[in-house]
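What follows is a single structure, written as structure tokens, with notes after it.
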Amino acid sequence: MEKILVKTGIYSFVVSFFLLVVFMKIEESTTDVEGMTSFVVTPYPEFFFNIFRYSIITSIIAVLLVCVYILSNKKK
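Going by the working numbering, the residue at position 60 of the sequence shown is 60; the numbering climbs one at a time, nothing skipped.
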């Protein structure tokens, strides 16, 4: 059981990290009341810290879901 949970944690962290690097935008556009659009660029250290944080959250959720799944199958 522990081996499955560790693998789930590692694989979900790596996969979510790579997906977030590819699909998360570093710049965001904001629109004023007058309709003017401006771009806000996130600095690279903050950008990678956010990706790291979201990857950890994703891996914790994946490990909890697999743990619930394993425990529900053991009771049957």
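Backbone N, C-alpha and C define an ideal beta-carbon position, used for all residues, glycine too.
Euclidean distance between Cα positions of T31 and M24: Here residue 31 is taken as the residue at index 31 of the sequence shown, counted from 1. Here residue 24 is taken as the residue at index 24 of the sequence shown, counted from 1. Approximately 20 Å between the Cα atoms of the pair.
Could you have a look at V22 and say whether DSSP puts it in helix, strand or coil? Reading the sequence shown from its first residue, position 22 is the one you call residue 22. Helix, per DSSP.
Check whether the region 34-45 touches the region 2-22, counting contact only when three or more Cβ pairs, one atom from each stretch, lie closer than 8 Å. No, the region 34-45 does not touch the region 2-22.
F17 beta carbon less than 7 Å from that of S55: Counting from one through the sequence shown, the residue named residue 55 turns up at place 55. Counting from one through the sequence shown, the residue named residue 17 turns up at place 17. Yes, these two residues count as a Cβ contact at 7 Å.
What residue does the beta strand (DSSP E) around E28 start on, and which one ends it? Locating residue 28 in the sequence shown gives position 28, where the first residue counts as 1. E27 to T31 is the span of the beta strand (DSSP E), which, as asked, contains E28.
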